[in-house]
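This report concerns only the one structure given below.
Protein chains: 2
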Amino acid sequence: MSEWFETLDGLHDRMWQRLSRGVADAKSPSRQPTFATMRDGWPEARTVVLRAATRETATLEVYTDLRSDKIESLRATPRAALHVWEDKQRLQIRLQAQVEILSGDTVADRWEKIGAGGRQSYGKRPDPGTQLDSALDYEITASFDAFAVLSCRIEAIDLTHLGDDHRRATYRRDADWRGQWRSP
Amino acid sequence: MSEWFETLDGLHDRMWQRLSRGVADAKSPSRQPTFATMRDGWPEARTVVLRAATRETATLEVYTDLRSDKIESLRATPRAALHVWEDKQRLQIRLQAQVEILSGDTVADRWEKIGAGGRQSYGKRPDPGTQLDSALDYEITASFDAFAVLSCRIEAIDLTHLGDDHRRATYRRDADWRGQWRSP
């Protein structure tokens, strides 16, 4: 028997297990990927919460405020990099995804499920990023109109396992997720 | 007395304390920022190790292999976003920096200090990212010629404190780091 990190399929399977775990478990590292986009010739990065991970279609979902700056970035360039460091697994997950911004009726089912507390993350007034005279000079509303789902269609996966040996493998949608070992 | 997260200066001070801590303490969240760059119209993100943080000049240092793909990205676009989530502080640190790639004599002092174990991270053969037939089909060398220091000159800071209230503030080099509250 080989260890999971010794085979291309084992690494790929483990990644999807960890992403699924991130959706289910608020304390999992994969719960909070770093989400990088581009704007005006600069990279940007921030934490997001992973809400769905579907291996069959290789898509992830993240929620955001429709007026946040990442929406503006994604409207200009609908591409994101997602990054997770799974410390106990010693596994770095690097993803690149095409991002579709969904809002309105299409996402009413997600809105129903997130509950009153979670909804307060969407619809702050004034819009996120607006200059304020003092720190708390904003209102919390819960506005379905401000609720957006970022549907992330993964195009490329880059996994590195930092065990006693280092192993790195890449996978691409356009190669039907066939893995390729790479020098780490 | 106000809490540190209630004032613009308090937030800014705390950020530099945490970054300094990251340099000194391998277990600190700021030890391992996510480092985002751009390449061929795509954002990229990976973990790096924070090696220096100097408030006076607002610069950070990160080490890498001179043949790694992030060097190629930075040669095309010498800009990076650095991201840290300081869980216990409930503080998200988002930075944008101009990056200068240093190697050779200029960085011989850093090379001297990192020790034999650390040096093995620089100079793998074949070059990082090269396709391999099997996972361990590479050699570890310790090569000063492959050692690069990324000197990151911070241009913009975006801090969010997620306490009972959420507070967000931005700071810019070209405004002499004067803080500005923003809607979170």
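Residue numbers (my numbering), protein chains in the order written: chain A, 1 to 184; chain B, 185 to 368.
From the three backbone atoms N, C-alpha and C, an ideal C-beta is built for every residue, glycine too.
(message) For T130/A and A58/A, I'd like the C-alpha separation in whole angstroms.
(response) Approximately 35 Å between the Cα atoms of the pair.
(message) Between the alpha carbons of R6/A and T77/A, how many angstroms are there, rounded?
(response) The amino acid occupying residue 6/A in the given sequence is Glu; Arg does not appear at that position. So the two alpha carbons sit approximately 36 Å from each other.
(message) Below 8 Å on the Cβ atoms is my contact criterion, and I expect S287/B with Y306/B to pass it. Report the Cβ-Cβ distance as a whole number of Å.
(response) That belief does not hold up - the Cβ atoms of S287/B and Y306/B are roughly 10 Å apart, past 8 Å.
(request) Taking C-beta pairs closer than 8 Å, name the residues in chain A that P368/B reaches, listed in chain order. (result) Going along chain A in sequence order, the residues near P368/B (Cβ under 8 Å) are K124, P128 and Y138.
(request) Taking L343/B and A353/B to be in contact with their CB atoms under 8 Å, please state how far apart those CB atoms are, rounded to whole angstroms. (result) 5 Å between Cβ atoms; contact.
(message) Please determine whether the Cβ atom of R14/A lies at a distance below 8 Å from any heavy atom of the ligand NAP.
(response) Absence of the ligand NAP from the depicted structure is noted, as is the absence of any ligand whatsoever, leaving it without description.
(request) Sort out for me which residues DSSP pairs V268/B with in a bridge. (result) In the DSSP assignment, the residues bridged to V268/B are I277/B.
(message) Given this structure, state the Cα-to-Cα distance separating V291/B from Y322/B, to the nearest angstrom.
(response) Roughly 26 Å between the two C-alpha positions.
(request) Give the residues from the stretch 70 to 93 of chain A that approach chain B closer than 8 Å (Cβ to any Cβ), ordered along the chain. (result) Cβ contacts with chain B: T77, R79, A80, A81, L82, H83, W85 and Q92.
(message) If we define contact as Cβ-Cβ less than 9 Å, is G41/A a contact residue for chain B?
(response) In terms of beta-carbon proximity, G41/A lines the interface with chain B, with at least one pair separated by less than 9 Å.
(request) Take the Cβ of G206/B as the centre, count every other Cβ of all protein chains shown within 10 Å, and call the residue buried at 16 or more, exposed below. (result) It is buried - the Cβ of G206/B has at least 16 other Cβ atoms within 10 Å.
(request) Would you kindly report the start and end of the unbroken beta strand (DSSP E) that includes A156/A? (result) F147 to L162 is the span of the beta strand (DSSP E), which, as asked, contains A156/A.
(message) For chain B, check one thing: does any of its Cβ atoms lie closer than 9 Å to the Cβ of A36/A?
(response) By the rule that beta-carbons nearer than 9 Å mark a contact, A36/A touches chain B.
(message) Let me make sure I understand the geometry here. Which of A236/B, R303/B, T325/B and R294/B has the alpha-carbon closest to that of R309/B?
(response) With distances taken between Cα atoms, R309/B lies closest to T325/B.
(message) Just list the residues that DSSP pairs T34/A with in beta bridges.
(response) The partner list for T34/A (beta bridge, DSSP) reads T47/A and H83/A.
(message) R153/A and E100/A - do their beta-carbons sit closer together than 9 Å?
(response) Result yes, Cβ atoms of E100/A and R153/A sit closer than 9 Å.
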